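In the working numbering, the protein residues as written are 180 to 698.
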């Protein structure tokens, strides 16, 4: 009981809690006291995982070609991992150049071809001046790349030339960057003069110090069912994997009708045997049973009734979309011991920023929980963040997942859009959508999620709002910026994210979300 009371203290003491959040947290704490004795705590529920960090070394010219040293590493028989990234010491330093990896399949022993890793990842992260940003554990990093179950890695990092690696590159009118880091020759230090193939007088960008490759094992996959769960889990039918059909489906909460609740219950991947796990689950107890692996979808009518209960009074016109099904952190197997204790809130949610994870598209929907566990571990253990940066994630089959801990109804402060994390939320579609079209199921899920979550805070998906910049490469700190209520990451920071193919769908997301709200 003393553990529970202590948890109540740190839940309610987090700064910046909105009225809705404070009410919800109070309900959550009461639920903990009542339900903890019945919570499962089987040790076998825990999902194992690990991160292996290996320093890169200079590569010989004979091996890599070119005129300047590069850094890299070749290792086989490393043990299992499924996600790769490169980190370095200074979180404010950029890697201007090219990072490529190839991996050996643990199942077949075959090596993959070389794959590019997105080098510019500083557009994500906590805002300047926040406690999370001031952490001494922060490191610079590439985006993570999902490679599937592997046991060997070959990585090479090549500095860009002085002309081809000028910062983030020029940003166009939509905030897209000019592709810096995708080209360039080898390089060692700033001011190194290229010879031979590099051309006389060409300079090379300095590579950041302390380069390391991070190999992330997400832990064991959940036991597979009869195969029906993957389609049922999403907001659409998403026959097979997205991309093989439009995945638009008719499932999900229709106005005035609650969806059938006959989907087999998901098996929990983690036990509620720690204070952090109890707190993360309790944060959702205002709308879900304690220990739930998924928060069920609601009809339009039931969502409006729930909103009235949360606020203590009914709105004349609620303008809120039906609550979609959301897989909780327990449902995707979050190891709550990794993140920092307690939750941090902002005042409200005035805008939603849409992202892609830039982690590649070579995953199945059944693997999505493993991908999320890997990204979570990479954000916390490799990059030094307090928790996963996104507030929500969406897979290619349209399944919605809870991201940063603190409660899905609440204004949880994320680390997704540098300069605009305050009074906003971040939604990441898992994959890379620079040239790949997102599935209809994923686009629909983003619309359903924004219709509901923005509706909790009275925001119009087709409207505009003002956010104060916390500092970035588009807007100086303190500038009051007018943005779409549903914006792409690139609207707040000069970046390619969320990829031009998702960015092109945001108009559809806005109109669909507004329709779900009854506007």
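Note that beta-carbon positions come from the ideal geometry of N, C-alpha and C, so glycine has one too. Here the structure is a predicted model, which is why all the values come from computation and not from measurement.
Same chain, Cβ closer than 8 Å to residue 391, five either side skipped, listed in chain order = Shown here for residue 391: same chain residues with a beta carbon closer than 8 Å to its own, the five before and five after excluded, namely 232, 233, 234, 235, 265, 266 and 267 in chain order.
ask   = Which runs of the alpha helix (DSSP H), 4 residues or longer, sit entirely within the segment 649 to 695?
value = DSSP runs (the alpha helix (DSSP H)) wholly in the segment 649 to 695: 679 to 682 and 685 to 695.
inquiry  = Just checking: is the beta-carbon of residue 394 within a distance shorter than 8 Å of some beta-carbon in chain B?
reply    = Of the chains in the structure shown, none is chain B; there is only one protein chain.
key: Sheet register partners of residue 580 (DSSP bridge)   = The secondary-structure analysis by DSSP pairs residue 580 across a beta bridge with 506 and 572.
message = Taking 7 Å as the cut-off, is the beta-carbon of residue 615 closer than that to any non-hydrogen atom of the ligand ZN?
response = The ligand ZN is absent from the structure shown, which contains no ligands of any kind.
query = Beta-carbon separation of residue 508 and residue 459 under 8 Å?
reply = Their beta carbons are under 8 Å apart, which means residue 508 touches residue 459 by this criterion.
inquiry  = My output table needs one value for residue 621: the three-state DSSP class, helix, strand or coil.
reply    = DSSP places residue 621 in helix when its eight states are reduced to three.
inquiry  = Starting from residue 555, trace the alpha helix (DSSP H) in both directions and tell me its first and last residue.
reply    = In the DSSP assignment, residue 555 falls within the alpha helix (DSSP H) that extends over 547 to 556.
task = Have a look at the DSSP bridge pairing and note the partners of residue 591.
result = When DSSP reads this structure, residue 591 sits in a beta bridge with 524.
query = With DSSP run on the structure shown, which of helix, strand or coil describes residue 432?
reply = Note that residue 432 has pLDDT 35, beneath the 50 cutoff, so the model's placement of it is unreliable and the number below is only indicative. Coil at residue 432, not helix or strand.
ask   = What are the boundary residues of the beta strand (DSSP E) that includes residue 606?
value = Following the DSSP letters along the chain, one finds residue 606 inside the beta strand (DSSP E) bounded by residues 603 to 608.
Same chain, Cβ closer than 7 Å to residue 696, neighbours up to 5 away in sequence not counted = Closer than 7 Å at the Cβ level, and outside the excluded window around residue 696, lie 498, 499, 500, 630, 634 and 640.
message = Looking only at its chain, what residues have a beta carbon closer than 8 Å to the beta carbon of residue 680, apart from the 5 residues adjacent to it on each side?
response = The residues are 612, 613, 614, 615, 616 and 617.
ask   = Would you say residue 337 and residue 276 are within 8 Å of each other, going by their C-beta atoms?
value = If you check the CB distance, residue 337 and residue 276 come in under 8 Å.
ask   = What residue does the alpha helix (DSSP H) around residue 472 start on, and which one ends it?
value = Neither: residue 472 is in no alpha helix (DSSP H) and is coded neither H nor E.
Straight-line gap, residue 290 to residue 469 (C-alpha atoms, nearest Å) = If you draw a straight line from the Cα of residue 290 to the Cα of residue 469, it comes to about 44 Å.
ask   = For residue 685, which residues of its own chain have a beta-carbon under 7 Å away from its beta-carbon, when the five flanking residues on both sides are left out?
value = For residue 685, where only same-chain residues beyond five positions count, the Cβ hits under 7 Å are 533, 665 and 667.
key: Cβ shell of residue 678 (< 6 Å), same chain only, five flanking positions each side left out   = Result list for residue 678: 535, 612 and 613, in chain order.
query = Does the beta-carbon of residue 504 have 16 or more other beta-carbons within 10 angstroms, so that it is buried, or is it exposed?
reply = With 16 or more Cβ atoms within 10 Å of its Cβ, residue 504 is classed as buried.
inquiry  = At the level of alpha carbons, what is the spacing between residue 463 and residue 473?
reply    = Their Cα atoms are separated by approximately 10 Å.
query = Exposed or buried, which one is residue 688 when buried takes at least 16 other CB atoms within 10 Å?
reply = With 16 or more Cβ atoms within 10 Å of its Cβ, residue 688 is classed as buried.
query = Can the beta-carbon of residue 283 be found closer than 8 Å to that of residue 255?
reply = Yes, the Cβ-Cβ distance between residue 283 and residue 255 is below 8 Å.
query = What does a CB cutoff of less than 8 Å around residue 312 pick up in its chain, not counting 5 residues either side in sequence?
reply = Correct list, in chain order: 304, 305 and 306.
ask   = Cβ atoms of residue 538 and residue 606: under 8 Å apart, would you say?
value = Not in contact: residue 606 and residue 538 (Cβ atoms no closer than 8 Å).
inquiry  = Under 8 Å, with one C-beta from each stretch per pair, do the segment 644 to 654 and the segment 566 to 574 reach the 3-pair mark?
reply    = They do not touch, by the three-pair rule.
message = Need the endpoints of the beta strand (DSSP E) that residue 328 sits in, please.
response = Where residue 328 is concerned, the enclosing beta strand (DSSP E) stretches over 324 to 338.
Opposing strand residues paired with residue 531 [DSSP bridges] = Note: residue 531 sits in a beta bridge opposite 604 and 665.
inquiry  = For residue 365, count the other beta carbons within 10 Å of its own beta carbon; 16 or more makes it buried, fewer makes it exposed. Which is it?
reply    = With a pLDDT of 34 at residue 365, under the threshold of 50, the modelled position of this residue cannot be trusted, and the question is left open.
key: Euclidean distance between Cα positions of residue 398 and residue 549   = When rounded, the distance between both Cα atoms is 7 Å.
task = Report the residue from 294, 583, 300 and 293 whose alpha carbon sits nearest the alpha carbon of residue 269.
result = Of the candidates 294, 583, 300 and 293, the one whose C-alpha sits nearest the C-alpha of residue 269 is 300.
task = Assuming residue 563 and residue 317 form a contact by the criterion Cβ under 8 Å, report the distance between their Cβ atoms to the nearest whole angstrom.
result = Contact annotation, residue 563 with residue 317: C-beta distance approximately 4 Å; criterion of less than 8 Å satisfied.
ask   = With distances taken between CB atoms, is the gap from residue 552 to residue 327 smaller than 8 Å?
value = No, they are not a contact pair.
ask   = Where does residue 622 land, buried or exposed, given buried means 16+ other C-beta within 10 angstroms?
value = Around the C-beta of residue 622, 16 or more other C-beta atoms lie within 10 Å, and the residue is accordingly described as buried.
key: Alpha carbon of residue 449 to alpha carbon of residue 625, nearest angstrom   = CA-to-CA, the gap between residue 449 and residue 625 works out to about 26 Å.
key: Limits of the unbroken beta strand (DSSP E) element including residue 295   = Run containing residue 295: 294 to 296, per the beta strand (DSSP E) assignment.
ask   = Among 653, 545, 644 and 513, which residue has its Cα nearest to the Cα of residue 528?
value = The residue among 653, 545, 644 and 513 with its C-alpha nearest the C-alpha of residue 528 is 644.
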